[in-house]
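A.B. asks:
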Amino acid sequence: MHSGMLTRRAWLFGTAGLASGALLNAVSSVALHIRKDEDLIRVAAPYLHFLSGRPLERLKSGAAVLYTMQLAISRDNFSTLERRAFERFVVSFDIWEEKFSIVGIGMQKGTASHLDSIAAEEWCVKHVGLTTRGLNAQTPYWVRLELRAEEPKDAVTLLTQPPIALTKLVELFARPPKHEADRWAAEQGPFRLMDLKL
Amino acid sequence: MYSFMRRSDWIVSFGFVYALGFLVGVAGLRLASAKAQEANNVNSRYTVEAVELQGIDESRLSSSLRDEIRRKIGKKFHPDVFAELAMRIKQELHARAVSPKLQRGTNMENVKVLLDVEPRRSLIDPSRSRIAFQSKQGLTGAGFIAVEGEQNLLRVGYANNGEDYVERSGGILATYQRKMLADRLRASFQFETFNSKWDRAISRNSTDGANFYSGRQTYSPTLIYSPNDNITLTGGFSVTNYTFSQASQVPDLGRGSSHVMTSTLRLRRAWGEPASFSQRVTGEYNAQFGTKLTGGDFDYRRQLAAARYVVGQGKNQIEMNLTSGRIDGVAPLNERFVAGNSRLLRGWNKLDLTPLGATRIVAGSIEYAFKASQKWMPAVFFDSGEVWGNAMARVVRNSAGAGIRSRDGFYLYVAFPFKEGRVDPQVMTGVNF
Chain A
1 MHSGMLTRRA
11 WLFGTAGLAS
21 GALLNAVSSV
31 ALHIRKDEDL
41 IRVAAPYLHF
51 LSGRPLERLK
61 SGAAVLYTMQ
71 LAISRDNFST
81 LERRAFERFV
91 VSFDIWEEKF
101 SIVGIGMQKG
111 TASHLDSIAA
121 EEWCVKHVGL
131 TTRGLNAQTP
141 YWVRLELRAE
151 EPKDAVTLLT
161 QPPIALTKLV
171 ELFARPPKHE
181 ADRWAAEQGP
191 FRLMDLKL
Chain B
199 MYSFMRRSDW
209 IVSFGFVYAL
219 GFLVGVAGLR
229 LASAKAQEAN
239 NVNSRYTVEA
249 VELQGIDESR
259 LSSSLRDEIR
269 RKIGKKFHPD
279 VFAELAMRIK
289 QELHARAVSP
299 KLQRGTNMEN
309 VKVLLDVEPR
319 RSLIDPSRSR
329 IAFQSKQGLT
339 GAGFIAVEGE
349 QNLLRVGYAN
359 NGEDYVERSG
369 GILATYQRKM
379 LADRLRASFQ
389 FETFNSKWDR
399 AISRNSTDGA
409 NFYSGRQTYS
419 PTLIYSPNDN
429 ITLTGGFSVT
439 NYTFSQASQV
449 PDLGRGSSHV
459 MTSTLRLRRA
469 WGEPASFSQR
479 VTGEYNAQFG
489 TKLTGGDFDY
499 RRQLAAARYV
509 VGQGKNQIEM
519 NLTSGRIDGV
529 APLNERFVAG
539 NSRLLRGWNK
549 LDLTPLGATR
559 IVAGSIEYAF
569 KASQKWMPAV
579 FFDSGEVWGN
589 AMARVVRNSA
599 GAGIRSRDGF
609 YLYVAFPFKE
619 GRVDPQVMTG
629 VNF
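Keeping their order, the protein sequence lines are chains A and B. Take the first sequence: its letter number 176 is residue 176 in this note's numbering, and every next letter is one higher. Add 198 to a position in the second sequence, counting from 1, and you land on the number used in this note's numbering.
(1) Against B:Pro277, what residues of chain A qualify as contacts under a CB-to-CB distance less than 8 Å, listed in chain order?
(2) Output needed in chain order: residues of the region 70-96 of chain A with a Cβ under 7 Å from some Cβ in chain B.
(3) If you draw a straight line from the alpha carbon of A:Trp184 to that of B:Pro277, how long is it in whole angstroms?
(4) Are B:Gly562 and B:Asn532 close, meaning C-beta to C-beta below 8 Å?
(5) Assign B:Arg398 to one of three DSSP states: helix, strand, or coil.
(6) Would DSSP call B:Glu316 helix, strand or coil?
(7) For B:Lys513, return the contacting residues in chain A, with the cut-off set at a CB-CB distance below 8 Å.
(8) Taking 8 Å as the cut-off, decide whether the C-beta atoms of B:Tyr411 and B:Thr391 are in contact.
(9) Determine the chain B residues that contact A:Val43 at a beta-carbon separation under 8 Å, and present them in chain order.
(10) What do you reckon, are the CB atoms on B:Ile516 and B:Tyr566 nearer than 8 Å?
(11) Going by DSSP in three states, B:Leu469 sits in which element: helix, strand or coil?
(12) What are the partner residues of A:Tyr141, as DSSP defines its beta bridges?
(13) Tell me, which residues are paired with B:Met341 by DSSP?
(14) Do the CB positions of B:Leu300 and A:Ser74 come within less than 8 Å of each other?
(15) Establish whether the CB of A:Ser101 and some CB of chain B are separated by less than 8 Å.
(16) Taking C-alpha atoms, which residue in A:Val125, A:Gly104, A:Met194 lies nearest to A:Leu32?
(17) Quick one: what does DSSP say A:Leu130 is sitting in, helix, strand or coil?
(18) Beta strand (DSSP E) containing B:Met285: first to last residue?
(19) So if I threshold CB-CB distances at 8 Å, which residues from the region 113-133 of chain A count as touching chain B?
(20) Starting from the beta carbon of B:Arg286, find every residue of chain A whose beta carbon is closer than 7 Å, and list them in chain order.
(21) Excluding sequence positions up to five away, which residues of its chain have a Cβ less than 6 Å from the Cβ of B:Ala372?
(22) Name, please, each residue of chain A whose Cβ falls closer than 9 Å to the Cβ of B:Arg302.
(23) Between B:Arg269, B:Ser461, B:Phe331, which lies nearest to B:Val246 when the distance is taken from Cα to Cα?
(24) Considering only residues of the same chain and omitting the five flanking positions on each side of B:Thr462, which have a CB-CB separation below 6 Å?
(25) Under the DSSP definition of a beta bridge, which residues are partnered with B:Pro419?
(26) I think B:Thr489 touches B:Met459, with their Cβ atoms under 8 Å apart; what is that distance to the nearest whole Å?
(27) Going by beta carbon distance, what residues of the same chain come within less than 6 Å of B:Ile647, once the five residues before and after it are set aside?
(28) Starting from B:Asp581, trace the beta strand (DSSP E) in both directions and tell me its first and last residue.
(29) Tell me, which residues are paired with A:His114 by DSSP?
(30) Determine the chain A residues that contact B:Asn241 at a beta-carbon separation under 7 Å, and present them in chain order.
(31) In terms of DSSP beta bridges, what is B:Val458 paired with?
(32) Just grab the DSSP bridge partners of B:Glu482 for me.
(33) Can you tell which of B:Asn350, B:Arg524, B:Arg595 has its C-alpha closest to the C-alpha of B:Ala556?
(34) With distances taken between CB atoms, is the gap from B:Met626 to B:Arg506 smaller than 8 Å?
(35) Hey, is B:Asn358's beta-carbon within less than 8 Å of any beta-carbon in chain A?
(36) Enumerate in chain order the residues of its own chain whose CB-to-CB distance from B:Gly368 is below 6 Å, with the five nearest sequence positions on each side excluded.
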């Protein structure tokens, strides 16, 4: 009898449950809205709130935060990747106006300001796209959107790499972040290109 | 005429140049990153109305740093400027972290910057702890822990020092200090006990009757007076007892002791702002009088003066050091001057210059460093000087080198002594916590 005491098995289950819960909280599989924009696949992620947690604390302290975003497509539910696209954005938070400003520093060089958090997240997500060239319209695909808020130390190379230097970004997404809470992801699929609306 | 370098010398030199190039590249990237982040931060348009410290009292900062904080008021908020300031405060206070946080000012064009200081959690005393490696003399290390209250300080540590003394000494040190007069005056008592190891090159060269002790214990009561941040005056007395092993060349001595009156004057002053033009001067004069009046075995006078001048403009920094000293009478070996280490006449080996130490020293250096980023500074230097003693020829030694150092205490240098015959580089690396 182990009344009043936790057994080793109970500890293991409890710990594993807590760890899984924390992981799911950080990397949740929230549905993506997928659409076609001429020859690009674009997504919307209304339930993916990456202006939150530690990065939001840094933003509200007056710092600028670098976000790196990857949009990937797969034919086999991400056993292998068909193709992917990256974008980088520097986000800052106006202390007085309490609004977000964004500067695109990847392929997208656009800027936006006076945005609330929902609009700022939407602006970032809609500026990443995957070309449909070479993809079969009838093949089922899966798509995944992944974001990371970079530590100030890691932001160094990412801020200064030209857009075509993809190797750094590929390496970056291949390794886990220092803080799991600074990473967000959402997946959707399977879907067919021929079924997408413009 | 220089002969060809050995293969190992080529490998060391090539590896060093490659590493230096890599680090300069990384530093350049960091600089570009800071610029990019500043340009992309919407808060750069606001004017700084106030800068406040949180977690410590401002009086714990040096006057130059306090002046620098005041100069930030009334200027536009630049994230990288405050990141630099936070790093300097972190270094000066040996804090765990210093984070700048922005708050609203009294009107919509102004902001306040809060510098949140997180004290170091461990007891490790970084002001005394260091690790240094020199390819000819091996490792030198010192680690201390300190417990500091409002009125008392207790510091205990272990040191194994292969470069500052003639011998390699390893042992423990303990210091107790009592603070008085609002910390302007401190009564201090220090105890050291070291075992000594002698290089064979030294024991072979024993013609001047040197006493090769196997250990020494020192007791030093002192008073330390600081009328302001820029001046420190220390005065006291120390007793060092030497023990000699059976294998000693002077077994008849068995024991010996050195009774010394000592006084030190330290000055420091800083002007200007690091971001534009700044100057920093530190000077130290130490006088020791070994006496037989109280039962000591050594009668000598030792004087040492050292000055350091650092001038910085923008990203460029020049540092000049000058050290001069003389000993009259017969001093114990551990009080003799040593050069050819990671501080004086870098690149030379102390055992080649004066295996038994010197009674005269004049040495200087000039070093240029470039602030490639907030952290890294590639540097080149030229050292020159001479160490000599009784019946020793005076020879001016020169060396030059290059390397990289970081703002938080790391350094990596390769130094080349100007010798005839061949190039003999030495690698020096380490970290001052």
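We put the beta carbon where it would ideally sit given N, CA and C, even for glycine.
C.D. replies: To lay it out plainly:
(1) Gly62, Ala63, Ala64
(2) Val90, Ser92, Asp94, Ile95, Trp96
(3) 27 Å
(4) no
(5) helix
(6) strand
(7) Within 8 Å Cβ-Cβ: nothing; B:Lys513 doesn't reach chain A, min ~17 Å.
(8) no
(9) None at all; the shortest Cβ gap to chain B is about 24 Å.
(10) yes
(11) Rather than Leu, the amino acid found at residue 469 of chain B in this sequence is Trp. Of the three classes helix, strand and coil, the one that applies to B:Trp469 here is strand, per DSSP.
(12) A:Phe191
(13) In the sequence as presented, Met is not what sits at residue 341 of chain B; that position holds Gly. Paired residues: B:Tyr356.
(14) no
(15) yes
(16) A:Val125
(17) strand
(18) Here B:Met285 belongs to no beta strand (DSSP E); instead the alpha helix (DSSP H) covers 277-291.
(19) Ser113
(20) Correct list: empty, because the minimum Cβ distance to chain A is about 17 Å.
(21) Val354, Phe389
(22) Ile95, Trp96
(23) B:Arg269
(24) Thr432, Asn484
(25) B:Phe387
(26) 7 Å
(27) The structure shown does not extend to residue 647 of chain B, since chain B is modelled only from 199 through 631, so no value can be given for it.
(28) 574-586
(29) None, per the DSSP bridge assignment.
(30) Gly62, Ser92, Asp94, Ile95
(31) B:Ser436, B:Gly488
(32) B:Arg464, B:Ala504
(33) B:Arg524
(34) no
(35) no
(36) Asn358, Asn393
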